[in-house]
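Novice: What the sequence shown shows, in the working numbering, is residues 58 to 289, in sequence order.
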Amino acid sequence: MRLTYFGHCAFRWETPGGVTAVADPYRNQADRYWFTRLFPEVRCDLGLITHAHFDHDAVERLPEAASILRMPGEFATGDLHIRGVGDFHSGAARLRDFPNVMFRLDAGGVRFLHIGDNRAEWPDEVARAVGDIDVLIVTVDDSNHLLSYDQVDALVQRLEPRVIIPMHYTIPGLHSGECELLPPEGWLHRQRAVRRLESDRFEFNPGNLPKQTEVWMFEPASASLNAPWVGP
58 MRLTYFGHCA
68 FRWETPGGVT
78 AVADPYRNQA
88 DRYWFTRLFP
98 EVRCDLGLIT
108 HAHFDHDAVE
118 RLPEAASILR
128 MPGEFATGDL
138 HIRGVGDFHS
148 GAARLRDFPN
158 VMFRLDAGGV
168 RFLHIGDNRA
178 EWPDEVARAV
188 GDIDVLIVTV
198 DDSNHLLSYD
208 QVDALVQRLE
218 PRVIIPMHYT
228 IPGLHSGECE
238 LLPPEGWLHR
248 QRAVRRLESD
258 RFEFNPGNLP
268 KQTEVWMFEP
278 ASASLNAPWV
288 GP
């Protein structure tokens, strides 16, 4: 399974059988200028939208033929199995009843979980639906915009992933000065094992997962920094 990072919370999976899925493409809106670049034009069969906030749902940037998944449920195509697990957004009181769908993707013997902007305190039924995972893609930055360091660490302790991939932090050249986010360096300093890939992609298989949990930092795909911003 090849995973590519486009910055913010946007990722693309490519399965051994050739199925492609993109999660949470980003955009600006009239009063929120967070991004200096358009989300790049990328091929995908499926678009996964965790929730309807501007920095996660630029479906207009995905191919017209892509199927868009927004709801909880089970979906399979080719060698890719997807489970959408419904829960709620983290953060301020006004968001606590705002729905968020975490997506678990299984292919090539590796299980990924992209949590979107989900809260950290899951009820038992949500934890059971998520099940065991290998790779956790989680929101973390030094402003604690969505989750505190302790909340992220508690999720890691609960799920015991082999790999943690941070997302939803500021990236020079992609995020504007109006963006409220910070880098994740403070949280990274608390972690025992951090690997900086110096690449926007990695091919995962069961044999190359670390035996002990590691944090892997991706570089955002260069394609996401090529298209100039032209409007909300």
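Note that CB positions come from ideal geometry on N, CA and C, so glycine has one too.
None of these values were measured; they are calculated from a predicted model.
Determine whether the beta carbon atoms of H146 and F160 lie at a separation below 9 Å.
Specialist: no
Novice: Counting C-beta neighbours from all protein chains within 10 Å, is the total for E71 16 or more, i.e. buried, or is it exposed?
Specialist: Buried is the call here.
Novice: For Q208 and R168, what's the separation of their Cα atoms in angstroms?
Specialist: 22 Å
Novice: Would you decide whether H225 is buried or exposed? Buried here means 16 or more other CB atoms lie within 10 Å of its CB.
Specialist: buried
Novice: Would a C-beta distance cut-off of 9 Å place R258 and R59 closer than the cut-off?
Specialist: yes
Novice: In this structure, does DSSP put W244 in helix, strand or coil?
Specialist: helix
Novice: Does DSSP put Y226 in a helix, a strand or coil?
Specialist: coil
Novice: Buried or exposed for P180, going by 16 or more other Cβ atoms inside 10 Å?
Specialist: Looking at its Cβ environment, which holds fewer than 16 other Cβ atoms inside 10 Å, P180 is exposed.
Novice: Would you mind giving the Cβ-Cβ distance between R118 and L95, rounded to the nearest angstrom? I have them listed as a contact below 8 Å.
Specialist: 7 Å
Novice: Under 9 Å between the Cβ atoms of V99 and V79?
Specialist: yes
Novice: Taking the alpha-carbon positions, what's the L101 to R69 distance?
Specialist: Going by the sequence as given, residue 101 is Cys instead of Leu. Taking the straight line from one Cα to the other gives about 8 Å.
Novice: Pick from P240, G234, E235, V220: whose alpha carbon is nearest that of T227?
Specialist: P240
Novice: What do you get for G135, buried or exposed, if any count of 16 or more other CB atoms within 10 angstroms of its CB means buried?
Specialist: exposed
Novice: Looking at the structure shown, is A149 part of a helix, part of a strand, or coil, going by DSSP?
Specialist: coil
Novice: Could you please give me the residues that DSSP links to Y62 through a beta bridge?
Specialist: Note: Y62 sits in a beta bridge opposite F68.
Novice: If you count every other CB in all the chains shown that lies within 10 Å of the CB of P120, and 16 or more means buried, which is it?
Specialist: exposed
Novice: Tell whether a beta-carbon distance below 9 Å holds between G173 and H232.
Specialist: no
Novice: Give me, in chain order, the residues of the same chain whose beta-carbon lies closer than 7 Å to that of C236; leave out the 5 immediate sequence neighbours on both sides.
Specialist: W91, T227
Novice: Beta-carbon within less than 6 Å of T61's beta-carbon, same chain only, minus the 5 sequence neighbours each way: which residues are those?
Specialist: R69, D257, R258, A278
Novice: For S124 and I106, what's the separation of their Cα atoms in angstroms?
Specialist: 11 Å
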